[in-house]
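Asks: Take this structure first; my questions come after.
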Amino acid sequence: MSEVKNVLVLDKVSKSYGENLLAVDNVSLSIRENEFFALLGPSGCGKTTLLRMLAGFETPSGGCIYLDGTDISPLPANKRPLNLMFQSYALFPNMTVRKNIAYGLEMEKLPAAEIRQRVDEVLATAQLGELAERKPDQLSGGQRQRVALARALVKRPRVLLLDEPLGALDKKLREKMQLELKRLQHESGITFIIVTHDQEEALVMSDRMAVLDGGKVCQCGSPAELYENPNSRFVANFIGVSNILEGVRESDNSVMVRNRALTVESAVGEIRGQAVALVIRPERLQVLSSATPLAEEQACANRVDGQIVEVAYHGLDTNLHVQTALSDKPLIVRVPSSQFEYAQFEQGASIRLGWQARHARVLTR
Amino acid sequence: MSSLHADRKLSAWLLTPGLGWLALFLVLPCLLVLVYSFVERGAYGGIEWTFTLENYQRAFDPLYLGILLKSAKIAALATLFAVLIGYPAAYAIARAPRHRQPVYLFLVMLPFWSNYLIRTYAWIVLLNREGLLNKLAATLGYSGDPISLLYTESSVVLGLVYNYIPFVILAIYSSLSRINGELWEASRDLGASGWMTFRRVILPLSVPGIAAGSVFVFVLSIGNFITADLLGGKQVQMVGNLIYAQFLTARDWPFGSALSFILIAIMLLLLFVQALLARRAAEGKA
Numbered sequence: 009m010s011e012v013k014n015v016l017v018l019d020k021v022s023k024s025y026g027e028n029l030l031a032v033d034n035v036s037l038s039i040r041e042n043e044f045f046a047l048l049g050p051s052g053c054g055k056t057t058l059l060r061m062l063a064g065f066e067t068p069s070g071g072c073i074y075l076d077g078t079d080i081s082p083l084p085a086n087k088r089p090l091n092l093m094f095q096s097y098a099l100f101p102n103m104t105v106r107k108n109i110a111y112g113l114e115m116e117k118l119p120a121a122e123i124r125q126r127v128d129e130v131l132a133t134a135q136l137g138e139l140a141e142r143k144p145d146q147l148s149g150g151q152r153q154r155v156a157l158a159r160a161l162v163k164r165p166r167v168l169l170l171d172e173p174l175g176a177l178d179k180k181l182r183e184k185m186q187l188e189l190k191r192l193q194h195e196s197g198i199t200f201i202i203v204t205h206d207q208e209e210a211l212v213m214s215d216r217m218a219v220l221d222g223g224k225v226c227q228c229g230s231p232a233e234l235y236e237n238p239n240s241r242f243v244a245n246f247i248g249v250s251n252i253l254e255g256v257r258e259s260d261n262s263v264m265v266r267n268r269a270l271t272v273e274s275a276v277g278e279i280r281g282q283a284v285a286l287v288i289r290p291e292r293l294q295v296l297s298s299a300t301p302l303a304e305e306q307a308c309a310n311r312v313d314g315q316i317v318e319v320a321y322h323g324l325d326t327n328l329h330v331q332t333a334l335s336d337k338p339l340i341v342r343v344p345s346s347q348f349e350y351a352q353f354e355q356g357a358s359i360r361l362g363w364q365a366r367h368a369r370v371l372t373r
Numbered sequence: 014m015s016s017l018h019a020d021r022k023l024s025a026w027l028l029t030p031g032l033g034w035l036a037l038f039l040v041l042p043c044l045l046v047l048v049y050s051f052v053e054r055g056a057y058g059g060i061e062w063t064f065t066l067e068n069y070q071r072a073f074d075p076l077y078l079g080i081l082l083k084s085a086k087i088a089a090l091a092t093l094f095a096v097l098i099g100y101p102a103a104y105a106i107a108r109a110p111r112h113r114q115p116v117y118l119f120l121v122m123l124p125f126w127s128n129y130l131i132r133t134y135a136w137i138v139l140l141n142r143e144g145l146l147n148k149l150a151a152t153l154g155y156s157g158d159p160i161s162l163l164y165t166e167s168s169v170v171l172g173l174v175y176n177y178i179p180f181v182i183l184a185i186y187s188s189l190s191r192i193n194g195e196l197w198e199a200s201r202d203l204g205a206s207g208w209m210t211f212r213r214v215i216l217p218l219s220v221p222g223i224a225a226g227s228v229f230v231f232v233l234s235i236g237n238f239i240t241a242d243l244l245g246g247k248q249v250q251m252v253g254n255l256i257y258a259q260f261l262t263a264r265d266w267p268f269g270s271a272l273s274f275i276l277i278a279i280m281l282l283l284l285f286v287q288a289l290l291a292r293r294a295a296e297g298k299a
């Protein structure tokens, strides 16, 4: 494997407003060449402030931002080879689509012929050719989004920053644009950093992502890593749906939850008596019945009986909410709808669930 | 729908007092002026009900046309200076922290709390031969004759700019403050300097405000007669003074009416152009 090159390195970057408000707290991240990176977090987690520091609209209170090894913190926004796609798109209402896109190149004082050629190219890629002479107010939301993207991409930035780029679009269009953005990123070879509060969006689009909370990075890694191995209750809750059981560490391979010892994967050197949380994803819980093959049932080290309190049909899957003795909140079990038998899963029916030891993550945070 | 119908009926009722007032006290007198401008003057100041175009012909006599053109020139200069001085102020207010903007706007409006006449008289105190400015010049070592700053075209322009500049500031401020703040950042992000951002994005988007403010100043200035009277004296006569004289001194109501109507026509034309600009700007907005 070739060596991974970092394009952008954030070294202990902080931003405080006044004395008490720490919007970004000691964030260190490395963003790789040609990567689709997502900054994910709830509103107020500092992700937008972080992005604005990268773009040059906020000055870090501490730390450095390196682009290709050079500290860009002192550079003003108009001197940075990074471009930002604004959440509001911020298209210039007094200019046509073509002029909006050409604006950034005109500021670079490129020859008119080159500007024309590059604008034409990007108009074609973004499928905006026919709208070139329109003003922004004559465009739909999706079209405006494409113009904003084209306007930033035409500058061929080292890194493209996207602030909630799909927030204003409806669900269908959003899903289409997610794939579209991924395709554009691959084709252009430009590093994308996207800010979003939508965990699904981050999972679908990014190569790697960082989850932020309270100005700090909670966890950074590939979508699969973060989904399968969350390192904290916060990440487990924020990404996807999690069943969280609160308990106490009993031994290297067991956790006590409400007076029941549950088997977990063996880990050496854990502190007995420490409060921990068990996280089990809904699709990892198995419904056990007389029809379940013996081998499968035996693989489940943990079994619990419960009662179905709700059946939620989602098309592809069906979510069963099962009340057990392990927690106050019902456990959520996801079963493929193709295996769904109405007689079996009725509200109020008794049910037995099981899971393998390796499918429960033990979290201390 | 019945509720929609009721709504319409209600708005008609709500509009009636305002529209009635305007019709009775604005439209009707204007129509009267229009009629007067096409009849002959009576021998003793009344009117003779004979149709004539002579009043308009007279208005284009070089003597009167000159006054009209000079009025337009003074109004145009006042507009120019008001915009040049008012724009930076409006810009500064629009870019100030949001919670401070009302305070600055209040300060802009403050002069309106005193009477127009008194404000204009104050300028006489400042500008006359024994006035503050001449005294100041003397203190600074100027030893020549006192300079007559008063009773010139410049002093009239000064007075007009001073009195009408709040309108310009308010009009430009309102169009600047409506510009999405992210546009500044977007322009910077795309590599533009502060000046470029202003020239290519902010200035074009504030044209409706400049137009509205300009029309305001121009229309109020060209018909103004108090400022010309107080600060221009006998030296500077504007069309407003001429009309005043026709109605009150010369008792030639038909001619005064014709002059008034020419003025109204100019104003209507300007307002029309300004409305057109505003509509084009509105169409260009997201």
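Heads up: the protein sequence lines correspond to chains A and B, in order.
Per my numbering, residue 9 is the first one in the first sequence, and the count goes up by one each step.
Per my numbering, residue 14 is the first one in the second sequence, and the count goes up by one each step.
For every residue, glycine included, the Cβ atom is placed at its ideal position computed from N, Cα and C.
#1: According to DSSP, is P179 (chain B) part of a helix, a strand, or is it coil?
#2: With 16 as the cutoff for other CB atoms within 10 Å, does R108 (chain B) come out buried or exposed?
#3: So is G112 (chain A) in contact with chain B if we call contact Cβ pairs under 9 Å?
#4: Is the stretch 241-249 of chain A touching the stretch 259-277 of chain A, taking contact as three or more C-beta pairs under 8 Å?
#5: Which same chain residues, not among the five before or five after M122 (chain B), have their C-beta less than 7 Å away from its C-beta?
#6: Which residues in the same chain have their Cβ closer than 6 Å to the Cβ of Q193 (chain A), if we skip the five residues on either side of it in sequence?
#7: Measure the alpha-carbon distance for T210 (chain B) versus L30 (chain A) and round it to whole angstroms.
#8: Alpha carbon to alpha carbon, what distance is there between V17 (chain A) and S2 (chain A)?
#9: Under 7 Å between beta-carbons, which chain A residues line up against A199 (chain B)? List them in chain order, please.
#10: Could you name the residues of chain B that A85 (chain A) contacts, counting a contact when the two beta carbons are closer than 8 Å?
#11: Give the interface partners of S188 (chain B) over in chain A, defined as CB-CB distance under 8 Å, in chain order.
#12: Counting along the chain, where does the alpha helix (DSSP H) carrying H194 (chain A) start and finish?
#13: With distances taken Cα to Cα, identify the nearest neighbour of N42 (chain A) among A:G70, A:E183, A:D76, A:T56.
#14: Compute the Euclidean distance between the alpha carbons of W126 (chain B) and T133 (chain B), then round it to the nearest angstrom.
#15: Could you give the distance in angstroms between the alpha-carbon of K179 (chain A) and the alpha-carbon of E208 (chain A)?
#16: If you check the beta carbons only, do P338 (chain A) and Q347 (chain A) fall under 9 Å apart?
#17: Let me know if H367 (chain A) comes out buried or exposed under the rule of 16 or more other beta-carbons within 10 Å of its beta-carbon.
#18: Is there a Cβ from chain A that is less than 9 Å from the Cβ of L290 (chain B)?
#19: Based on DSSP bridge pairs, tell me the residues matched to G229 (chain A).
#20: Roughly how many angstroms separate the alpha carbons of V155 (chain A) and A110 (chain A), rounded to a whole number?
#21: Please say whether M213 (chain A) and L177 (chain A) have beta carbons closer to each other than 9 Å?
#22: So, under 8 Å CB-CB, V263 (chain A) and V370 (chain A) are touching, yes? Tell me the CB distance rounded to an integer number of Å.
#23: If you compare alpha carbons, which of A:R360, A:T204, A:Q355 is closest to K55 (chain A)?
#24: On the three-state DSSP scale, how would you describe H329 (chain A)?
#25: Can we say the stretch 187-201 of chain B touches the stretch 136-151 of chain B, given the rule of at least three CB pairs closer than 8 Å?
#26: For a test of the three-state rule: what should DSSP assign to A140 (chain A), helix, strand or coil?
#27: Going by the DSSP bridge assignment, what does Q294 (chain A) pair with across the sheet?
#28: Going by Cα to Cα distance, which pick from A:I39, A:E354, A:T57, A:N34 is closest to E318 (chain A)?
#29: Whose CA, out of B:Q287, B:Q70, B:Y69, B:Y49, lies closest to the CA of W62 (chain B)?
#30: What does K255 (chain A) pair with, by DSSP beta-bridge criteria?
#31: Taking only beta-carbon positions, decide if K55 (chain A) is within less than 9 Å of chain B.
#32: Since K163 (chain A) meets chain B, which of its residues come closer than 8 Å, beta carbon to beta carbon?
#33: Return the residue from the list A:G314, A:K163, A:D221, A:Y74 that minimises the CA-CA distance to G360 (chain A).
#34: Put D74 (chain B) into one of helix, strand or coil per three-state DSSP.
#35: Quick one: what's got a C-beta closer than 8 Å to Y69 (chain B)'s C-beta in the same chain, skipping five residues either side?
#36: Taking the alpha-carbon positions, what's the L147 (chain A) to T104 (chain A) distance?
Replies: Result, derived from the coordinates:
#1: helix
#2: exposed
#3: yes
#4: no
#5: P179
#6: F44, F200
#7: 31 Å
#8: This structure leaves residue 2 (chain A) out entirely; chain A is present only between 9 and 373.
#9: F94, A98
#10: E198, R201, D202
#11: The contacting residues do not exist; S188 (chain B) stays about 12 Å from chain A at best.
#12: 179-196
#13: A:D76
#14: 13 Å
#15: 12 Å
#16: no
#17: buried
#18: no
#19: A:M217
#20: 11 Å
#21: no
#22: 6 Å
#23: A:T204
#24: strand
#25: no
#26: coil
#27: A:G362
#28: A:E354
#29: B:Y49
#30: The amino acid occupying residue 255 (chain A) in the given sequence is Gly; Lys does not appear at that position. DSSP, once it has assigned bridges, lists A:V284 as partnering G255 (chain A).
#31: no
#32: L203, G204
#33: Going by the sequence as given, residue 360 (chain A) is Arg instead of Gly. Closest option to R360 (chain A), Cα to Cα, is A:G314.
#34: coil
#35: S50, A271, I275
#36: 11 Å
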